[in-house]
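Peer 1: Read in order, the letters of the sequence shown are residues 147 to 455 in our numbering. Think of the CB as a built atom: it goes at the ideal place given N, C-alpha and C, for glycine as much as any other residue. All figures in this text were calculated on a predicted structure; none of them were measured in a lab.
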Amino acid sequence: MLQLLTGSVLVALAVFVVAIILINKWIRVVPQQRAFVVERWGKFHEVLEPGLRFVIPFIDKIAYRHDLREIPLDVPSQICITKDNTQLQVDGILYFQVTDPRLASYGSSNYVVAITQLAQTTLRSVIGKMELDRTFEEREHINAQVVEALDQAAANWGVKVLRYEIKDLTPPKEILHAMQAQITAEREKRAVIAASEGTKQQAINIAVGQREAAIAQSEGVKQSEINTAQGQAQAILAIAEANAKAIRQVAEAIASPGGMNAVNLKVAEQYVAAFGNLAKTNNTLIVPSNLADLGTLVTAATTMFKAQG
Numbered sequence: 147m148l149q150l151l152t153g154s155v156l157v158a159l160a161v162f163v164v165a166i167i168l169i170n171k172w173i174r175v176v177p178q179q180r181a182f183v184v185e186r187w188g189k190f191h192e193v194l195e196p197g198l199r200f201v202i203p204f205i206d207k208i209a210y211r212h213d214l215r216e217i218p219l220d221v222p223s224q225i226c227i228t229k230d231n232t233q234l235q236v237d238g239i240l241y242f243q244v245t246d247p248r249l250a251s252y253g254s255s256n257y258v259v260a261i262t263q264l265a266q267t268t269l270r271s272v273i274g275k276m277e278l279d280r281t282f283e284e285r286e287h288i289n290a291q292v293v294e295a296l297d298q299a300a301a302n303w304g305v306k307v308l309r310y311e312i313k314d315l316t317p318p319k320e321i322l323h324a325m326q327a328q329i330t331a332e333r334e335k336r337a338v339i340a341a342s343e344g345t346k347q348q349a350i351n352i353a354v355g356q357r358e359a360a361i362a363q364s365e366g367v368k369q370s371e372i373n374t375a376q377g378q379a380q381a382i383l384a385i386a387e388a389n390a391k392a393i394r395q396v397a398e399a400i401a402s403p404g405g406m407n408a409v410n411l412k413v414a415e416q417y418v419a420a421f422g423n424l425a426k427t428n429n430t431l432i433v434p435s436n437l438a439d440l441g442t443l444v445t446a447a448t449t450m451f452k453a454q455g
């Protein structure tokens, strides 16, 4: 009885183990951003997407597992020859992504090796069309050319090439020394040019300052002369107006009653005063040539005084 019970336990245990194995082979959990390629009887059957999936044990087989995330691939360093026959050591990094798990499984025996080899050959071809100096200036152009060539070929492998980046461009040591000397000479040239430009600008600034100062000084002299001329003109005009006013007043006085007599008296006074001044200047007695005129003047003056008295 004990042996029968032991045999039953063993059978149950064996069935349980077989069931666990079958369940393990029947149920598959596909992680996110992964894809499993299933073959049935050695032939492609389906692609299992992320989630809980079921396969037939011993009939279906998961032949390939693919990562659908973006994958960085280090492209080994290689020697390239530029258009001007200069050796250039180049290495870069490639970013790609599996877009079609079926083609990635059956389109190429090893798409990673295929992409790497194609990237190297394309890079040699692109750099061979450029001179050394251009390779340092046109990295983006080189990257774009490599991506374009790889993307066309990788479409048959179920892979999408996203971008390619050059990490290092290393010329021979002799070229590096020559480039360093060229850079030093270029910097010295720029320094000399900058110094000469500064001296030139300084001279220009001084000349412009002197010119502006001279213009300002001449403008000041001009304005001073204009102001003086205007002042003199105004003074002359004022004197003329005063003389004209005096003449008008004299004319009005002469035209008034008794004006002519006053004029005659004034003239006689000035006449007598003039002869008196002449007599004082020397010992010679000066007598008017026409005493009758003098008498007439004195008589006129006496008559006018009497009339006023």
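Out of curiosity, what's the CA-to-CA distance linking leucine 197 and alanine 181?
Peer 2: Residue identity differs from the one stated: residue 197 is glycine in this sequence, not leucine. So the alpha carbons of these two residues sit roughly 10 Å apart.
Peer 1: Do alanine 160 and glutamate 185 have their beta-carbon atoms positioned less than 8 Å apart in this structure?
Peer 2: No; because the gap between Cβ atoms is not below 8 Å, this pair is not in contact.
Peer 1: Whose CA, out of Val293, Ala301, Lys229, lies closest to the CA of leucine 278?
Peer 2: Comparing Cα-Cα distances from leucine 278 to each of Val293, Ala301, Lys229, the minimum goes to Lys229.
Peer 1: For alanine 295, count neighbouring C-beta atoms within 10 Å of its own C-beta (all shown protein chains included) and say buried if the count is 16 or more, exposed if not.
Peer 2: Under this definition alanine 295 is a buried residue.
Peer 1: Between the Cα of aspartate 246 and those of Lys346, Glu192, Ile372, spot the shortest distance and give me the residue it belongs to.
Peer 2: Nearest option by C-alpha distance: Glu192.
Peer 1: Please determine, among Gly253, Ile173, Ser223, Gly344, the residue with the shortest C-alpha to C-alpha distance to threonine 316.
Peer 2: For the residues Gly253, Ile173, Ser223, Gly344, the minimum Cα distance to threonine 316 belongs to Ser223.
Peer 1: Assign isoleucine 205 to one of three DSSP states: helix, strand, or coil.
Peer 2: It is coil, neither helix nor strand.
Peer 1: Can you tell me where the beta strand (DSSP E) with leucine 198 in it begins and where it stops?
Peer 2: Leucine 198 -> beta strand (DSSP E) spans 197-200.
Peer 1: Exposed or buried, tryptophan 187, counting other C-beta atoms within 10 Å across all chains shown (16 or more means buried)?
Peer 2: Result: exposed.
Peer 1: One question on the structure: do leucine 240 and alanine 265 come within less than 8 Å of each other, judged by their Cβ atoms?
Peer 2: Contact: yes.
Peer 1: Looking at phenylalanine 200 and isoleucine 173, is the spacing between their C-beta atoms short of 8 Å?
Peer 2: Going by C-beta atoms, isoleucine 173 is nearer than 8 Å to phenylalanine 200.
Peer 1: What number of angstroms, rounded off, separates the C-alpha of glutamine 369 from the C-alpha of glutamine 356?
Peer 2: Roughly 20 Å between the two C-alpha positions.
Peer 1: Please report the distance separating the alpha-carbon of glutamate 387 from that of threonine 374.
Peer 2: Rounded to the nearest angstrom, the two C-alpha atoms are 19 Å apart.
Peer 1: If I measure Cβ to Cβ from threonine 292 and keep anything under 7 Å in the same chain, skipping five residues before and after, which residues do I get?
Peer 2: It is worth fixing the name first, because residue 292 is valine in this sequence and not threonine. Closer than 7 Å at the Cβ level, and outside the excluded window around valine 292, lie Ala265, Thr268, Leu269, Val272, Tyr310.
Peer 1: I'd like to know whether the C-beta atoms of valine 163 and phenylalanine 242 end up nearer to each other than 8 Å.
Peer 2: In this structure, phenylalanine 242 does not lie closer than 8 Å to valine 163 by Cβ.
Peer 1: Express the C-alpha separation of glutamate 283 and lysine 319 in angstroms, rounding to a whole number.
Peer 2: Their backbone Cα atoms lie some 19 Å apart in a straight line.
Peer 1: Which of helix, strand or coil does DSSP assign to leucine 159?
Peer 2: Here leucine 159 sits in helix by DSSP.
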